Each structure stands twice: as C-alpha cells, then as structure tokens.
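Reviewing the structure listed below.
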Amino acid sequence: MQGPDPNQLFPNKNIPSVCFIKNAVTRPNIIVGDYTYYDDCDGAERFEEHVTHHYEFIGDKLIIGKFCAIGKGVEFIMNGANHRMGSVTTYPFNIMGGGWEKSTPALCDLPLKGDTVVENDVWIGQNVTILPGVHIGSGAIIGANSVVSKDVPPYCIAAGNPARIVRKRFDEETVAFLLDLRWWDWPPERIFENLDLLCSGDIEKLKQLRLER
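Note that my numbering has the sequence shown beginning at 78, numbered continuously upward.
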C-alpha cells in the first residue's frame, strides 16, 4: 500500500462525506490536482455547485492544486458575478430579456479579475467565500467563515471578513525551503515512506533527508 487511489471519487468508504474533487468535476474550466478533497456530508460529490457565476464565454478558470483540504460550505464566486461599475447603474438589464439584451456589455467593460488559483497543500475552513481572481499560495490556511478578496501568500494564515493575514506559519527561510521542496510532486511511494516526517514539525530532519537524496 502506498496510499489511496487518487482516481477514486470516495477514497475511504468509511468516510462518505469526503471525495477527491477531481473525480467529481465535469466542467472544463475547473482544474483540480490529485488528492485534493471536499468534505460535505450533504454531498461532497456536488462540489461544482459551490463554484458559482462560472460561464465558459468569460474564459476564467478555477485552478486548485494537489493535497488541498476544503471544508463544507465553501463558495468560489467567479467573474460572471461582476457587474459594470463605471456606468450610471450596475443593474444587469441584459440578462432579464424583453429587449433589454441591447444593453449587453462587452467583456472589456466588466471588472474581470482573471483565474482563481489555489495552489498546493492549502486548508480552507468551513463556509469560506473566495472572490474572483484570488490567488492563494501553497501551504496557506484560510479560517472558517472568512471572505477572501485579496491574494494570500504561501504558508500564511488568513481569517476574517475581509480576510487578513493573521500570521506566517514559518519563517521566510523555511517557507522558501518548502516551496522549493515541492513535496506534493513526489511520487506516491516517496510520500508513503516519509509520512511520519511530513506530519511532524521537524524541518531540520526534512532538510537532512533532502541532502541525503
């Protein structure tokens, strides 16, 4: 055994609330890495319902890396939720029909903020809302009930509405080492061999392991 099969929807039959998201995704504009899971007792396999205002004609993507842990009630609000803000009114007349379609804005008139990116090994707590175009760095933690409107650097803890950086998880040297280590890209057998070390706080031993290889 070298860990669960990343291509299984539900990796552990004893925990039916947890699914590996990549196996539940059907939209081409959502990209998710191996082992990233969503935990929701009301239907973890319906993760896509928590990605709203996501229209292919806009072209933005939701990109989530490997080994992320995403809590129940998360909502990714994508660029389709944006309205014109430079006009007299922000009201979206065009989507109501009845001839109002003539007011349909060009994409260049909308405040599009690009792809939403969650890197690797990110823990997102319950009921977090992530706004369009946000970039969350590897190793970050987002506190429950937070609203993330700005980028979160790697290995930082952010919480609140709007979410603010509470503290860094490690010093700058350690963060640089971990980002360079990229353990999430190791083959399954190497991760399995070093689980105890990865689940410890022994950074020095991890550095030594790297030197030995």
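Just so it is clear, CB atoms sit at the ideal spot from N, CA and C, and this is done for glycine as well.
Quantities reported herein were computed from a predicted structural model and do not represent experimental measurements.
Using 10 angstroms around the beta-carbon of residue i, count the other beta-carbons present and answer buried if the total reaches 16, otherwise exposed.
i, result
"E155", "For the sequence presented, residue 155 should be read as Met rather than Glu. So M155 counts as buried."
"T181", "exposed"
"V165", "exposed"
"A253", "exposed"
"Y132", "exposed"
Just to confirm, is the Cβ distance from residue i to residue j under 8 Å?
i, j, result
"K282", "L274", "yes"
"D192", "K138", "yes"
"P105", "F97", "no"
"G307", "H130", "Because residue 307 is not part of the residues shown, which for the chain are 78 to 290, the question remains open."
"N216", "P239", "Correcting the residue identity first, residue 216 is Gly in this sequence and not Asn. Not in contact: G216 and P239 (Cβ atoms no closer than 8 Å)."
"I141", "T113", "yes"
"N159", "P209", "yes"
"L118", "D198", "A quick correction: the sequence has Cys, not Leu, at residue 118. In this structure, D198 does not lie closer than 8 Å to C118 by Cβ."
"I280", "T251", "yes"
Hey, out of the options, whose CA is closest to residue i's CA?
i, options, result
"T103", "D111, D116, V225, E125", "E125"
"N222", "I147, N159, E196", "I147"
"W200", "K149, G80, F254, T167", "K149"
"N204", "V109, K90, V128, Q79", "V128"
"F134", "L184, G163, M162", "L184"
"E122", "L272, A101, A236", "A101"
Roughly how far, in whole angstroms, is the beta-carbon of residue i from the beta-carbon of residue j, given that I think they are within contact range, below 8 Å?
i, j, result
"R246", "C233", "7 Å"
"V229", "T206", "Incorrect: roughly 13 Å between the Cβ atoms, too far for contact."
"E266", "Q79", "5 Å"
For residue i and residue j, what's the separation of their Cα atoms in angstroms?
i, j, result
"S94", "G278", "28 Å"
"G202", "N84", "24 Å"
"W261", "V243", "25 Å"
"R259", "E196", "11 Å"
"D111", "E270", "18 Å"
"Q285", "L255", "13 Å"
"G220", "L86", "26 Å"
"W186", "V211", "First, the residue type needs correcting, since residue 186 is Asp and not Trp in the sequence shown. C-alpha separation (whole angstroms): 20 Å."
"E152", "I107", "14 Å"
"P188", "K90", "43 Å"
"I172", "V194", "28 Å"
"Y168", "R161", "8 Å"
"R287", "G163", "53 Å"
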